[in-house]
């Protein structure tokens, strides 16, 4: 008997049992801890590069919906965002908010993991830069919808966003100020530019040029025109524009996926197909010159109106990534604002040359004053960057800082609904469930 | 053993007496009056001749020798009524004994580790004997169990599924809620439906902690201990069981969900006029819409005239798809089963073999299955110190699932004017993925025929599943000294499941896939998927090893009995799955062609890039458990009882250090039998009384969670690069779920066990339950758009009563044994935060809310229809509102009406058996009381999007004044479609009481041995013929709509079965 007990006990010696219980339950599950794992997180394109915010586009005046088509809309968010309704969400889930913070969560997981790993490899630098870039990108998208526009001359102490810089989900973070959000973006992007590689064959991975262009966007919003000019200059020095004469304008989606101008591929969770009932603003359509190839390749006539098919995703999904053309338009605007008028005209003309038939562009500037140049630059910006969510940011900043007085209107059932400049409704409400669960302050609406 | 000794001694005695005097020999055949089986161990006292005692053999036979006649004898057995009779002549004589109460039939409680007599238990058990299990002839064990065990219920909302068993209400919220199944001492990893009910000797349900804690961390949901048959009696026995069951074509409940064609066309025209389809007018796209919408669009665009439209609509209005469904989809089901059982036992060895074969034709045409179940078991005794029992069991099931129910016919739904076949029975096309206009356009292209013909599809494709189970165990018992032994058990389970789906090259499945990937190059259409069938194979395998060593000690002193056992158990279960897809397959020549799986083709007409699905997938998971356990009981004077058990489980589940993986669980109990006390008069009307109390902990695991942040690798569609998705956030505090149970029980017998039964009151509290807590989306963590954090953050409490009363009456030759089961269970969610208001309505299973039952039924307070336009109105606070958007957004739990629970508060059964030899009639009635159901009604949104209607459509508000007679809203404007639907279908006007009384079955059996002049009586030992109807129908339902609460949500009622069966014993 005694020997028997001994045998059993020796079988169960603690060391062998530790091994027995330390086997992994599910082979396909991993605990992200290596550089390959972090790379796989950064390369999770459906989180980092797809299904991203689109409320800024829905709120903008790039398009309009006819009354009878509006009546058959079933998407509550679209119905309400289109008319800037006070209660926007009616309990639906707000992907603009959720997806952006999801991006931030992935980025923070990589950043925290890298901190534990302490790798000296160049790949670790690239990954850190990539994570910082995506975090800044997410905050950029959020700030354009859920924060007041940046006041160049003012204080910017208003309600910002919860700045989540750690992956720990139990951490409670309140809303920062608007200033803090912009400072964080600037800081992350400045660091990302140092860390990121110059090139990537894969257009969903950020490069230092993509980071530079995003930084230029942020600097433009903050009124740092010198900074924005030098950031966008770097891109113009290194990349060429796409010659629209080489495009097949009759193709379903002529721009093609990952085209030459794309610095970082990213798309909204919103589409514009040929059967879309979102029509391009008629005044905007009228602003394109006869030889402007953008007009012929980007729009397709439908029921007397025009549908947009010029997305840089090369498909129906709307592009909200970063592309070389935007660098030209930022550089031109900053030059104009810094009173470098000749430089502004030169950049603008270089940009337009690639857009016109046979590369013969019409000089859009009609006058010599700074205001004339700026007006021309802004119009080209509007014509060149439509359906990318940028227009909404532009209306906000131009009304706020330039007193541009842009009023956007919707016409439904013969009624005109308008959004007057600097209305509280330029800042969208925080999702109800977030307010309920976290108790952070709601944005006022009217 | 003692029995045999007595027998031998008494035989010797009688022999010695017989030498002395002239004697008369009497052969007694002592039988159970209930089932005619022989009673072993009956003690026969003969008056006058001192203490002469004879004990009957295992077959109930005994030989008595008397010197003088007549003489009085007394026959006694603890499970039967005592009998006195006078012997007047020699020869053979049959004596029937009446059983005392059925539960006392030598009831042994099997905990899976040991078998103990009921008298020695402190815990709460229910058990089911072989006879009770055999009564309801059904291939499904779960069906046989329904309403037969107190404390064991079926969740009727999970109709027909094997996970529907609940022991004493649910104990867990998000984890596995099914009871643990122990098959012959080892946890069973397979599906209950794969087990052959014929080989089961008994089922014991362990309900409280005393019993369950011995199964530790997996016992929180209760334990079902299944013991299979082994050799019984002496000598050779053969049993044959056969039955044939015919099932009715299921009730056409779906009638309610299919509008008649004219009504539906009317609705589609209404939607069309309201502009619902406006977006399609200029570009119909490819997405599915119905043929009527297609015609309306054509008329709008001028392609057809309004006369043609009217004509065609009138023609469609004449169709009725239900006739086709009856003809081509359903049929009577048949089921036949034959089983044979051989048993042979001797002094040194015993052997048992069982084989059964089942053939089943489903009520769905083209669905059938076959099942073979074999069992062989032996026990060898080596000397008096060693016992070896090998056991091998093999089950094989073959399933053919090529038919469809009406819901599976179209992916989008089935419209009422669809036709499955023309007059000659040729398959006709239906709208499925693509709309009729798109399909018409495709006819002129070089793409393959794109029509979906469901009947042809069913005939062309093969869907076969094969399930094989090999279960083996080897048990060794070493008897060390008296009362001390060592048991070793090795158990091996190999369960495999193979699914073969063969899509014929002509099938829609193949044509559709080929068309979708076809692309144009230089004016010709290229098909990257080659012509040929597509074979999809899925293989799953579970391999489990279990080893157990256990020391048992039991000894009796003068007044004391001690029982101890201690052991350890080690177990590994590996589950692997793999799947493959073979393209261009030719089943005749076994050739195939691998397509280009890397290129991302532009699919048509979706216009998105995708690669051809490889269908290749693997999964591999390993679960390991290591447990130590102890169980001890002490009885004093057989009336005071104390028990204690403890167990420590560790597992690899959470991926943490060993200390945190383990969980200690324990229980203890006390029992007292006052009726065994000296002061208890044997003539007291309460002839038996036992009081029991236990308290303890058991646990539950959730295999899907880990402590670290985990991710799963996949590929990004956009780039094709490997990518990782974060599945769980880190969770430092993850632990096992714990269920604390306290049980107070009473067993009683009244007037010599004319009445007997038990009452148990219990309280359960589940703490550290895995649950969802709502998570602020700002944290950034979510999977599949669910913003919840899953962790040990929930609590659930429940209390209840299990009551069972058995009667046993005899009036002349008529015997009546009624049995009543009453279960009361009430639960309440103590802690849970993961439910938001809208989630309450997203499924028919409501979500947990703090302070309410786990399965609470909530509704929007209904304020009737608006007399002006028939729109629904609701109470919001003290006001009547029609502001639907606000109602949907702002409603909180407090604003909703709470009705009760969707599971019965009171449930149970009433069983009756009437015996008038040789005929026996029995029936069982099930009931459920005190719960609520949500009555289905017209959902305008479903009707518009997937054509699911409801007969309430014709009761809708149509003109002012209708609101006096109906609560069904008028047809909504397009903008209100989804809000009206959501609010109305969840409104209080549709909540009904769900109480019911259900006649489950009626069974009539004839004991053929009792029938005089039956040929062949000499060769058979027993023969029974029975007829049975199963699922007879509702006797009473509380709701005014006369809905069957057991099936109100399903498209079919419970199928009714008629069975005829014949059992023989040799």
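Chains as they are written, first to last, in our numbering: chain A, 1 to 446; chain B, 447 to 1512. Using N, Cα and C, we set each Cβ at its ideal position, and we do this for glycine too. Please read all numbers here as calculations on a predicted model, not as lab measurements.
- Spanning the alpha carbons of residue 744 of chain B and residue 752 of chain B requires a straight line of approximately 10 Å.
- Excluding sequence positions up to five before and after residue 260 of chain A, its CB lies within less than 6 Å of the CB of 242, all in the same chain and listed in chain order.
- Across the set B:1424, B:1144, B:1007 and B:1205, the C-alpha of B:1205 shows the shortest separation from the C-alpha of residue 1135 of chain B.
- In its own chain, leaving out the 5 sequence neighbours on each side, no residue places its CB closer than 6 Å to the CB of residue 828 of chain B.
- For residue 944 of chain B, the closest alpha carbon among the candidates B:846, B:518 and B:980 is that of B:846.
- In terms of beta-carbon proximity, residue 97 of chain A lines the interface with chain B, with at least one pair separated by less than 9 Å.
- Taking 9 Å as the CB threshold, residue 1216 of chain B stays off the interface with chain A.
- One Cα belongs to residue 559 of chain B, the other to residue 651 of chain B, and the distance between them is close to 14 Å.
- In the DSSP secondary-structure assignment, residue 633 of chain B is bridged to B:628.
- Taking 9 Å as the upper bound on Cβ-Cβ separation, chain A lies near residues 720, 721, 722, 723, 724 and 725 of the region 698-725 of chain B.
- Nearest to residue 112 of chain A by alpha-carbon distance, out of A:99, A:98 and A:129, is A:129.
- Close to chain A, meaning a Cβ-Cβ distance shorter than 9 Å, are the following residues of the region 1398-1424 of chain B: 1419, 1420, 1421, 1423 and 1424.
- Within the same chain, and ignoring the five residues on either side of residue 800 of chain B in sequence, the residues whose Cβ sits closer than 6 Å to its Cβ are 645, 787 and 821.
- Residue 612 of chain B and residue 318 of chain A have their C-alpha atoms roughly 51 Å apart.
- By the 16-neighbour rule on beta-carbons within 10 angstroms, residue 246 of chain A is exposed.
- Residue-level contact check: residue 1334 of chain B touches chain A, since one or more beta carbons of chain A fall below 9 Å from its beta carbon.
- The criterion of a C-beta distance shorter than 9 Å is satisfied by residue 533 of chain B and residue 472 of chain B.
- For the region 217-245 of chain A, the set of positions with a beta-carbon nearer than 9 Å to some beta-carbon of chain B is empty.
- Annotation: residue 1294 of chain B to residue 1279 of chain B spans about 8 Å, alpha carbon to alpha carbon.
- The secondary-structure analysis by DSSP pairs residue 1453 of chain B across a beta bridge with B:1470.
- The beta-bridge partner set that DSSP reports for residue 1134 of chain B consists of B:1195.
- Taking 8 Å as the cut-off between beta carbons, the residues of the region 427-438 of chain A near chain B are 431, 432, 433, 434, 437 and 438, in sequence order.
- Within chain A, no residue has its CB atom less than 9 Å from the CB of residue 1427 of chain B, the nearest being about 12 Å off.
- Taken through DSSP and simplified to helix, strand or coil, residue 1396 of chain B comes out as coil.
- Residue 702 of chain B and residue 1094 of chain B have their C-alpha atoms spaced approximately 53 Å apart.
- Pairing residue 392 of chain A with residue 421 of chain A, the inter-Cα distance amounts to about 12 Å.
- Using beta-carbon distances, residue 90 of chain A counts as an interface residue toward chain B, with a partner under 9 Å.
- In the structure shown, residue 529 of chain B adopts extended strand secondary structure according to DSSP, grouped into three states.
- Contact with chain B is absent for residue 206 of chain A, since none of that chain's Cβ atoms lies less than 9 Å from the residue's Cβ.
- Excluding sequence positions up to five before and after residue 288 of chain A, its CB lies within less than 8 Å of the CB of 294, 295 and 383, all in the same chain and listed in chain order.
- Residue pairing by DSSP places residue 674 of chain B opposite B:646 in a beta bridge.
- The region 356-373 of chain A and the region 98-117 of chain A do not touch, with fewer than three beta-carbon pairs separated by less than 8 Å.
- Residue 407 of chain A and residue 60 of chain A have their C-alpha atoms some 11 Å from each other.
- Only 1149, 1152, 1154, 1155, 1156, 1157, 1158, 1159, 1162, 1163, 1164, 1165, 1167, 1168 and 1169 from the region 1135-1169 of chain B bring a Cβ to less than 8 Å from some Cβ of chain A.
- Using beta-carbon distances, residue 1431 of chain B does not count as an interface residue toward chain A, since no partner is under 9 Å.
- Collapsing the DSSP output to three states places residue 446 of chain A in coil.
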